[in-house]
Ligand code: PAF
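Numbering (the numbering used here), first residue to last: 1 to 283.
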């Protein structure tokens, strides 16, 4: 695996591959890699000649300093994992290499997608995500970039950015990868104490029950039921649960048969914020 910390040598390496007509699959990450990331990389390997993974804990997408400071950093372990699955290229830049002494976000218009759900609770988050993802796309110039559906809103926002800025690549959303007990894999899971880790699968269990209820009950009833379930939980605190249309992320008012819906949830387990979502069926 080739490791680059600077963008110019990386760009030179990748353009030589482009000249050889090699397709580039790209998996941007913030490190603390887990099996969910590996599943994205495997998918990228299947469909491309060359796979590039970036590890960069992007400061502009964190609205709370302590969240940035506490974000797990496991570079040596990450490198070993990437080598074990034959990743071709790792890009691991410093903050200065990316932001050049000016750690700030550009301002994006994602047609309102940025103000819903995560956008309501994480100030400036999606401007930070848009800034780093666009910058990384410019450096790597991939044919396809891979993102997990756990961050479904992020995925839709990146698709929107690609469309609006006419970027020449495809975005592929990949299924949520779960632990055996259903907890969605996340770099943050390693920070859960044993009691919170034991409690956390309640999130997916509740989502599955909500999916079942949605077939026969109104969205309003399902939302109230989920809110009640979490009120009664001693360890997990619900931040939001919402049912929204997949493309626009508009909260559902009444079910429309031609629309695709998903349930989205954010929960605090102590000070660790976990998100998840599930695709819903109407019958
Ligand atoms: O999903 C993530 O890990 C990050 O938001 C991303 C896409 C790597 C941008 O920093």
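For every residue, glycine included, the Cβ atom is placed at its ideal position computed from N, Cα and C. All values reported here derive from a predicted model rather than from experimental measurement.
Checklist entry - Taking C-alpha atoms, which residue in 12, 69, 279 lies nearest to residue 208? => result The option with the nearest alpha carbon to residue 208 is 279.
Item to check | Chain-order list of residues whose beta-carbon lies under 8 Å from that of residue 57 (same chain, five-residue window excluded) | outcome: Taken in chain order, the residues that qualify are 30, 31, 68, 71, 73.
Next on the checklist: Excluding the 5 residues flanking residue 4 on each side, which residues of the same chain have their C-beta closer than 6 Å to its C-beta?
Outcome noted: Closer than 6 Å at the Cβ level, and outside the excluded window around residue 4, lie 10, 91.
Checklist entry - Identify the residues that DSSP records as bridge partners of residue 54: which are they? => result Its beta-bridge partners are 28, 91.
Item to check | Heavy atoms of the ligand PAF versus C-beta positions, residues under 6 Å | outcome: Taking a cut-off of 6 Å from the heavy atoms of the ligand PAF, the residues with a C-beta inside it are 28, 29, 30, 58, 61, 129, 132, 133, 151, 154.
Checklist entry - Who are the Cβ neighbours of residue 214 in its own chain at under 6 Å, not counting the five residues just before and after it? => result Closer than 6 Å at Cβ, skipping near neighbours: 222, 280.
Next on the checklist: Going by DSSP, what residue range makes up the alpha helix (DSSP H) through residue 188?
Outcome noted: Segment: none, residue 188 is in no alpha helix (DSSP H) and carries neither H nor E.
Item to check | Cα-Cα separation between residue 204 and residue 231, rounded to whole angstroms | outcome: About 16 Å.
Item to check | Best match in 112, 128, 267, 175 for proximity to residue 147 [C-alpha to C-alpha] | outcome: Ranked by Cα distance from residue 147, the options 112, 128, 267, 175 are led by 175.
Next on the checklist: Less than 6 Å between C-beta atoms, sequence neighbours within five positions excluded: which residues of the same chain meet that for residue 108?
Outcome noted: Correct list, in chain order: 127, 130.
Checklist entry - What is the DSSP secondary structure of residue 256, reduced to helix, strand or coil? => result Residue 256 sits in coil when the DSSP states are folded into three classes, being neither helix nor strand.
Next on the checklist: Between which residues of its own chain and residue 106 is the CB-CB distance below 6 Å, once the five residues before and five after are set aside?
Outcome noted: Answer for residue 106: 131, listed in chain order.
Checklist entry - Who does residue 236 pair with in a DSSP beta bridge? => result In DSSP, residue 236 forms a bridge with 269.
Checklist entry - From residue 76 to residue 82, what distance separates their C-alpha atoms? => result Residue 76 and residue 82: Cα-Cα distance of roughly 10 Å.
Next on the checklist: Just verifying my parser: in three-state terms, what is the DSSP assignment at residue 148?
Outcome noted: Residue state, collapsed to three classes: strand.
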